[in-house]
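For my numbering, count along the sequence shown from 1 and bump the result up by 29. Think of the CB as a built atom: it goes at the ideal place given N, C-alpha and C, for glycine as much as any other residue. Here is the structure we will look at, set down as structure tokens.
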Amino acid sequence: MKKLLLLGFVALVGLSLMVLPLGLAADSSATTTGGSAAGVAGLPPVLGQAYTLAAQKVHDLVPACQGMRWEILAGVAEVETTQAAGHQISADGEITPLIYGPLLDGTGAGGNTTAVVNTTAAELQLDAGSHYARAVGLFQFMPATWLSTGVNARGTGAAPDPDNAFDAALTAAVYLCGNGRDLTQPAQLAAALLAYNHSDAYVQQVEAAIAQYDALASVTSTIPASGKAAIVLRAAMAQFGVPYSWGGGNATGPTRGQCCSPGGQDGSRITGFDCSGLTLYAYAQVGITLPRTAAEQAGVGRRIPASAGLGALRPGDLIFYGYIPGDDASIYHVAIYAGAGMQIAAPRPGEGVLEQPVDIKASTFAGGTQIL
């Protein structure tokens, strides 16, 4: 057993700005396919730096490894600890308070039914003296596994620390690379994740999280660096993965919705956003109060007809879809234009908030509106 079972998804917290630790200068010769995580919405900046550097440095430790990128590491950490949500992260990567999973005492906590005991003094010390083992740190390694595989990424000579973001990220990268996997191949990436946690459901969750960070990285490169549009877009992107809930969402965030969607979803059972709840929330972050429904939101600001095409849209504009061309009363869906032909939306029951192409060729495309 490598690590602990999944921790619940919770809101991200504000974290300190990053400073490059000693010994972690980027290596231009290292191979990584994921670019930099700097500035990615919803990702604490110190963690973004740790993942980027780990994806670069792992080539020095596992030269045969191909395709390691920061999005893979972010995906694992998202599922394991939701990027250390609820904890503080210092500029040198130290996470406080320390992250521990449930005791693996065989009672069923977190799905564990087989007791795992710390057997050495080093394991007990790493696990704060706990008789039963617990997964530790940002990437939730088991104490015994960490002691045998942990890597100090900081060049300090100190013992590797699972609660240091830089050590944890590089160790996870090395572990996932194995003896030299090619992580650009879906089958080998799935095998790496399965080795990390032997659960098909876990592999699917991490793969979905990786896809979300791929989308975040893509959108971040197109949005304005500052201004109200940037605030609106980053607010919406920070909700990636939050489930669709018919009638859900308000100016303060996701809420339980109401019954029932045209497809029969009972939103009162789900905390999340519907399409107009997401746009209402995002615009509220710049002090703009939108009406509740998509059709009503189409009446706010300067209307852009569908015939004007994508060239007339700016990042942060609202995009609409309706049943009857030219009839705003028939509008049933709204999204936020992110630039480069992409939109951010809460699309439908069964899907979370995501980035997707604008369907400008659809007969239902109804143009947009500029509010900012």
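- 9 Å or more divides the Cβ of Ile-299 from the Cβ of Leu-339.
- Note on the stretch 346-391: whole beta strand (DSSP E) runs with a minimum of 3 residues are 347-351, 360-368, 371-374 and 383-386, in chain order.
- The C-beta distance from Ser-290 to Trp-275 rounds to 4 Å, short enough to fall under 8 Å.
- DSSP places Arg-263 in the uninterrupted alpha helix (DSSP H) bounded by 257-266.
- Gln-314: not part of any alpha helix (DSSP H); DSSP gives it neither H nor E.
- Counting along the chain, no beta strand (DSSP E) covers Phe-269, and no H or E run does either.
- Contact between the stretch 191-206 and the stretch 72-87 is present: three or more C-beta pairs spanning the two stretches fall below 8 Å.
- Counting along the chain, the unbroken beta strand (DSSP E) around Gly-397 starts and ends at 394-399.
- Thr-251 and Asn-226 have their C-alpha atoms some 35 Å from each other.
- Residues of the same chain with their beta carbon placed closer than 6 Å to that of Thr-318 are lacking, with the five preceding and five following residues left out of the count.
- Taking C-beta atoms as the reference points, Arg-183 and Gly-115 fail to come closer than 9 Å.
- CA-CA distance, Val-329 to Gln-241, rounds to 30 Å.
- If you check the CB distance, Gly-130 and Arg-163 come in under 9 Å.
- Runs of the alpha helix (DSSP H) lying entirely within the stretch 180-214 and spanning at least 4 residues, in chain order: 194-206.
- Around the CB of Gly-370, fewer than 16 other CB atoms lie within 10 Å, so the residue is classed as exposed.
- Scanning its chain for C-beta atoms nearer than 7 Å, with the 5 sequence neighbours on each side dropped, one finds around Ala-323 the residues Cys-304, Ser-305, Phe-349, Ile-360, Tyr-361, His-362 and Val-363, in chain order.
- Apart from the 5 residues on each side of it in sequence, Gly-96 sits with its Cβ closer than 7 Å to the Cβ of Thr-62, Asp-211, Leu-212 and Thr-213 in its chain, given in chain order.
- Beta-bridge partners assigned by DSSP to Asn-279: Gly-282.
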